[in-house]
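Colleague: I am attaching a structure below and will ask some questions about it afterwards.
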Amino acid sequence: MTIQPPPPRPRRRVKPLTVLIAIVIVLICLLVATDRIGERVAEDQVGSRLQAKLGTPEQPTVEIAQIPFLTQILAQRFGEVRIAADQVPVKAKTATADLDRLDIALHQVTVSDQQLNAGTVDGTAFVDYASLSTLGGADVSYVSDGKITIDFTAPVGGQTVSGTLTGRPVLVDGQLSLVEPQLRVGGVDLPQTLVENLLPSLLRTFALPPLPFDLTLTSITASDDGMTFGLAGRDIAVSR
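So the sequence shown is numbered by our numbering: it starts at 782 and just counts up by one.
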């Protein structure tokens, strides 16, 4: 008796639709990879130029917030670009110190002439008390409940007066002021009416430094390790 071998199995034909789907998936993966790589390269280039512009010891981090990157770069428009930098040098009239941390977000960003042009900018800057004291020219320290003290020496009525101001810091017309101020001179607390009258002249010598990219101050909050400043700006240009 002869046993016949089983007939060969028919080869499965690959359906054209399956091949097309596989090709589409591969192309999508390539586009996504290209998009991510292009974004990282652009972010690194901007970060490198920012380091040279700001003079930071480490390269700032740059994040293009929205995706995809390729369509935005082709249109030369980005919804939002975030920048974070540590140890940013700033210069007051007679001293130089560092902003410990600068975090800003650029909105409505367009690209032209090797620059990022932002319609609006917002963010924060954090500065410790040692740097604030250097920049302001007077010793600043934290008390409690959001209040600080400023040890000052200033001319008052033709005489040089030294003392200590205490209060909660606020911004008035972009300059530092104090809420509920107290003034002690020679170990004596001066009357509140006199303190209110002397406060503007005493704080005039304590100047906040100019900020990068011509940003303006919008708020100020004191904590036990330093002050956080709110920042804002319009029509800001950043080299890329």
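All C-beta atoms, glycine included, are put in the ideal place defined by N, C-alpha and C.
Roughly how many angstroms separate the alpha carbons of R830 and V921, rounded to a whole number?
Modeller: Translated into the one-based positions of the sequence shown, residue 830 becomes position 49. Translated into the one-based positions of the sequence shown, residue 921 becomes position 140. Those two C-alpha atoms are separated by around 34 Å.
Colleague: Determine the direct distance from the alpha carbon of F907 to that of K872, and round the result to whole angstroms.
Modeller: Translated into positions along the sequence shown, residue 872 becomes position 91. Translated into positions along the sequence shown, residue 907 becomes position 126. Each residue's alpha carbon lies about 15 Å from the other.
Colleague: Span of the alpha helix (DSSP H) holding V976?
Modeller: Position 195 of the sequence shown, counting from 1, holds the residue named residue 976. Here the alpha helix (DSSP H) through V976 covers Q973 to R985.
Colleague: Apply the 10 Å Cβ neighbour rule to S912 and answer buried if 16 or more other Cβ atoms are within range, or exposed otherwise.
Modeller: Residue numbering aside, residue 912 sits at position 131 when the sequence shown is read from its first letter. Flag for S912 reads buried.
Colleague: Within a Cβ cutoff of 7 Å, which residues of the same chain sit near Q889, ignoring the five residues on either side of it in sequence?
Modeller: Numbered from its first residue, the sequence shown carries residue 889 at position 108. A899, G900 and T901.
Colleague: Report, in whole angstroms, the separation of the C-beta atoms of V869 and T837, which I expect to be a contact under 8 Å.
Modeller: Translated into positions along the sequence shown, residue 869 becomes position 88. Translated into positions along the sequence shown, residue 837 becomes position 56. Confirmed, Cβ separation roughly 6 Å.
Colleague: Have a look at L979 and A876 and give me their C-alpha separation to the nearest angstrom.
Modeller: Position 198 of the sequence shown holds residue 979. Position 95 of the sequence shown holds residue 876. C-alpha separation (whole angstroms): 25 Å.
Colleague: Which residue from V843, G927, L959 and S943 puts its Cα closest to that of D867?
Modeller: On the sequence shown, position 86 is the one that residue 867 refers to. Ranking the options by Cα distance to D867, first place goes to V843.
Colleague: Please name the residue in K928, P990 and S982 whose C-alpha comes closest to that of V960.
Modeller: Looking up residue 960 in the sequence shown gives position 179. Taking only the C-alpha atoms, the option nearest V960 is K928.
Colleague: Around the Cβ of G828, are there at least 16 other Cβ atoms within 10 angstroms (buried) or fewer (exposed)?
Modeller: Numbered from its first residue, the sequence shown carries residue 828 at position 47. Counting Cβ neighbours within 10 Å, G828 comes out buried, since at least 16 surround it.
Colleague: Beta strand (DSSP E) containing G836: first to last residue?
Modeller: Looking up residue 836 in the sequence shown gives position 55. According to the DSSP assignment, G836 belongs to no beta strand (DSSP E), since it is labelled neither H nor E.
Colleague: Going by C-alpha to C-alpha distance, which of K874, I864, A878 and V892 sits closest to D884?
Modeller: Position 103 of the sequence shown, counted from the start, is the residue given in the question as residue 884. Closest option to D884, Cα to Cα, is I864.
Colleague: Closer than 6 Å by C-beta to I1017: which residues in its own chain qualify, once you throw out the five before and the five after it? Chain order, please.
Modeller: By 1-based counting over the sequence shown, the position of residue 1017 is 236. Counting only Cβ-Cβ distances below 6 Å, and skipping sequence neighbours, we find A899, V902 and F994.
Colleague: Suppose the cutoff is 6 Å on Cβ atoms and the five residues either side in sequence are ignored; what does the same chain contact list for G917 look like?
Modeller: As a first step, residue 917 is located in the sequence shown; it is residue number 136 there, counting from the start. Contacts found: F987.
Colleague: How many angstroms separate the CA atom of A1013 from the CA atom of S1004?
Modeller: As a position in the sequence shown, residue 1013 is number 232, starting the count at 1. As a position in the sequence shown, residue 1004 is number 223, starting the count at 1. Straight-line Cα distance between these residues: approximately 21 Å.
Colleague: What's the call for A846, buried or exposed, on a 16-neighbour Cβ count within 10 Å?
Modeller: As a working note, residue 846 is residue 65 in the sequence shown. So A846 counts as exposed.
Colleague: Give the straight-line distance between the Cα atoms of S943 and V969, rounded to the nearest whole angstrom.
Modeller: Numbered from 1 along the sequence shown, position 162 holds the residue referred to as residue 943. Numbered from 1 along the sequence shown, position 188 holds the residue referred to as residue 969. The straight-line gap from Cα to Cα measures roughly 12 Å.
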